[in-house]
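Structure, as structure tokens:
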Amino acid sequence: MIKNKIFPFIKIFWKKYNEDKIFKESAALTYVTLLGFIPFIIFLLFFIPDLSFMQTEEQISKLALSIFVPESAEMIFDYIKQIANKRIPFNLISFFILLFTSYSLFQIINSTFDNILNAKEIKSKNFLTEITRFFGMTIFGSVIILAILSAISLPIVSKYFELPFWQHLSLYLTPFLILFIIFTLGFFYIPTVKVKKRSIVIGAAVSAIIWILFKSFFNWYITTLTNIELIFGVLGAIPIFLIWIYTNWVIMLSGVIIVSILEGRHKRDESMMKDMENIKISIERTLPRSSKNRKTKSELSRKDIKEILQEILNEPKKKNEFTEKDE
Numbered sequence: 031m032i033k034n035k036i037f038p039f040i041k042i043f044w045k046k047y048n049e050d051k052i053f054k055e056s057a058a059l060t061y062v063t064l065l066g067f068i069p070f071i072i073f074l075l076f077f078i079p080d081l082s083f084m085q086t087e088e089q090i091s092k093l094a095l096s097i098f099v100p101e102s103a104e105m106i107f108d109y110i111k112q113i114a115n116k117r118i119p120f121n122l123i124s125f126f127i128l129l130f131t132s133y134s135l136f137q138i139i140n141s142t143f144d145n146i147l148n149a150k151e152i153k154s155k156n157f158l159t160e161i162t163r164f165f166g167m168t169i170f171g172s173v174i175i176l177a178i179l180s181a182i183s184l185p186i187v188s189k190y191f192e193l194p195f196w197q198h199l200s201l202y203l204t205p206f207l208i209l210f211i212i213f214t215l216g217f218f219y220i221p222t223v224k225v226k227k228r229s230i231v232i233g234a235a236v237s238a239i240i241w242i243l244f245k246s247f248f249n250w251y252i253t254t255l256t257n258i259e260l261i262f263g264v265l266g267a268i269p270i271f272l273i274w275i276y277t278n279w280v281i282m283l284s285g286v287i288i289v290s291i292l293e294g295r296h297k298r299d300e301s302m303m304k305d306m307e308n309i310k311i312s313i314e315r316t317l318p319r320s321s322k323n324r325k326t327k328s329e330l331s332r333k334d335i336k337e338i339l340q341e342i343l344n345e346p347k348k349k350n351e352f353t354e355k356d357e
């Protein structure tokens, strides 16, 4: 029973993966992330209060190292640590600049998610709704992550984490919880269409597990089988970080594909393509010779359809005129 479900799912997944060109989309999002990632972190720090008892900067630095940055890219981690330690003073100009940059990144990711989920029914997007979803994801995610970090920092909880068993388990459990929350919020708030909670939870859990496993493999591969620092020197951390961002987007978009399959949204493109092919074939069969000589358009406007129908209706009249002349 399990094999009968897994193999067809993998087949559908791989087909959808190639149709949506995930590798190409991940490369585009990698470039966008380089421009918007640091401003988004600074914008996020506006909403996270500086609580002395939990040492916010230290917790954020540890979180970035354990989840977002591989161990082989320590230079990038040091840069993020400097940003976390040096908060930009709050003023309207810096706030709106960071808001614009972060919201632009959100919009690009939103369009990518909608394309994968085949959100063709969404013709226009309300700006107020979009900005509400953006703030909802940012603030709500910050509150949950802050709650987890503050809970870990409490003296009662921290004593349990000092035990060897919990120390080893927390290396995987804490990143999994943080990633699961981030993926869940992303799959819920970023797409324009409504997605079932069950599909979101499954997609977020699978993406978080793959992320953690790949990070371990990535660190092992970089430190054991390659020597990038020998080739690139001091700048060796930059290509590592680029590859890491790219693979992260591949994993995240793969999670969106899982959600689209569970929601049955992967089938919509196929039916639309078949309908378009049937319309194209039927029109080409009935077109007069004068119309066939034109360049075929992928989309026909009302004016084009009207002209084609008029030519089809006038074709018998022209034939009758020629026969009358011959007689």
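So my numbering is basically just the index in the sequence shown, starting at one, shifted up by 30. Yeah, the Cβ is synthetic: ideal placement off N, Cα and C, and Gly gets one too.
(request) Check whether the region 275-289 touches the region 203-220, taking contact to mean three or more Cβ pairs, one atom from each stretch, closer than 8 Å. (result) yes
(request) Tell me whether S321 sits in a helix, a strand or coil according to DSSP, three-state version. (result) Working through the sequence shown from its first residue, we reach residue 321 at position 291. Low confidence applies to S321: its pLDDT is 49, below 50, so where it sits in the model is not reliable, and the reading given next is rough at best. Reduced to three states, the DSSP call for S321 is helix.
(request) Inspect the beta-carbon positions of I281 and S229 and report whether they are closer than 7 Å. (result) As a working note, residue 281 is residue 251 in the sequence shown. As a working note, residue 229 is residue 199 in the sequence shown. Against a cut-off of 7 Å, the Cβ pair of S229 and I281 comes out as no contact.
(request) Could you give the DSSP three-state label for E341: helix, strand or coil? (result) Looking up residue 341 in the sequence shown gives position 311. Here E341 sits in helix by DSSP.
(message) Here's the rule: buried if 16 or more other CB atoms are within 10 angstroms of the residue's CB, otherwise exposed. What is S132?
(response) As a working note, residue 132 is residue 102 in the sequence shown. Buried, by the Cβ-count rule.
(request) Between the Cα of F165 and those of I146, T142, N148 and Q137, spot the shortest distance and give me the residue it belongs to. (result) Indexing the sequence shown from 1 puts residue 165 at position 135. Checking every option, the nearest Cα to that of F165 belongs to Q137.
(request) Could you please give the first and the last residue of the uninterrupted alpha helix (DSSP H) stretch that includes N145? (result) Taking the sequence shown and counting its residues from 1, the one referred to as residue 145 is at position 115. N145 -> alpha helix (DSSP H) spans L122 to I146.
(request) Out of F53, P205, L65 and F143, state which residue places its alpha-carbon closest to the alpha-carbon of V127. (result) For the purposes of this step, residue 127 is identified with residue 97 of the sequence shown, where counting begins at 1. The question names Val, yet the displayed sequence has Ile at residue 127. Considering only alpha carbons, the answer is L65.
(request) Please list, in chain order, all residues of the same chain as L59 whose beta carbon is under 6 Å from its beta carbon, the five residues on each side excluded. (result) The residue you call residue 59 lines up with position 29 of the sequence shown. Contacts found: W279.
(message) Going by DSSP in three states, K245 sits in which element: helix, strand or coil?
(response) On the sequence shown, position 215 is the one that residue 245 refers to. Residue state, collapsed to three classes: helix.
(message) Rounding to the nearest angstrom, what Cα-Cα distance links T204 and L243 in this structure?
(response) For this step, residue 204 is matched to residue 174 along the sequence shown. For this step, residue 243 is matched to residue 213 along the sequence shown. About 14 Å.
(request) Return the Cβ separation of F43 and I291 in integer angstroms, given the expectation that the two are a contact with Cβ distance under 8 Å. (result) Counting from one through the sequence shown, the residue named residue 43 turns up at place 13. Counting from one through the sequence shown, the residue named residue 291 turns up at place 261. Contact flag correct, Cβ pair sits at about 6 Å.
(message) Quick check on DSSP: helix, strand or coil for K41?
(response) Walking along the sequence shown from the start, residue 41 turns up at place 11. Residue state, collapsed to three classes: helix.
(message) With the cut-off set at 7 Å, would you say S124 and Y276 are in Cβ contact?
(response) As a working mapping, residue 124 is identified with position 94 in the sequence shown. As a working mapping, residue 276 is identified with position 246 in the sequence shown. No, these two residues do not count as a Cβ contact at 7 Å.
(request) Could you tell me whether the Cβ atoms of W241 and L209 are closer together than 7 Å? (result) Stepping through the sequence shown from its first residue, residue 241 is reached at position 211. Stepping through the sequence shown from its first residue, residue 209 is reached at position 179. Taking 7 Å as the Cβ cut-off, W241 and L209 qualify as a contacting pair.
(request) Excluding the 5 residues preceding and the 5 following F39 in the sequence, name in chain order all residues of the same chain whose CB lies nearer than 8 Å to its CB. (result) Residue numbering aside, residue 39 sits at position 9 when the sequence shown is read from its first letter. For F39, where only same-chain residues beyond five positions count, the Cβ hits under 8 Å are I291.
(request) Can you have a look at I335 and say buried or exposed, based on whether 16 or more other CB atoms are within 10 angstroms of its CB? (result) Start at 1 with the first residue of the sequence shown, and residue 335 comes out as number 305. When all chains shown are included, I335 counts as exposed.
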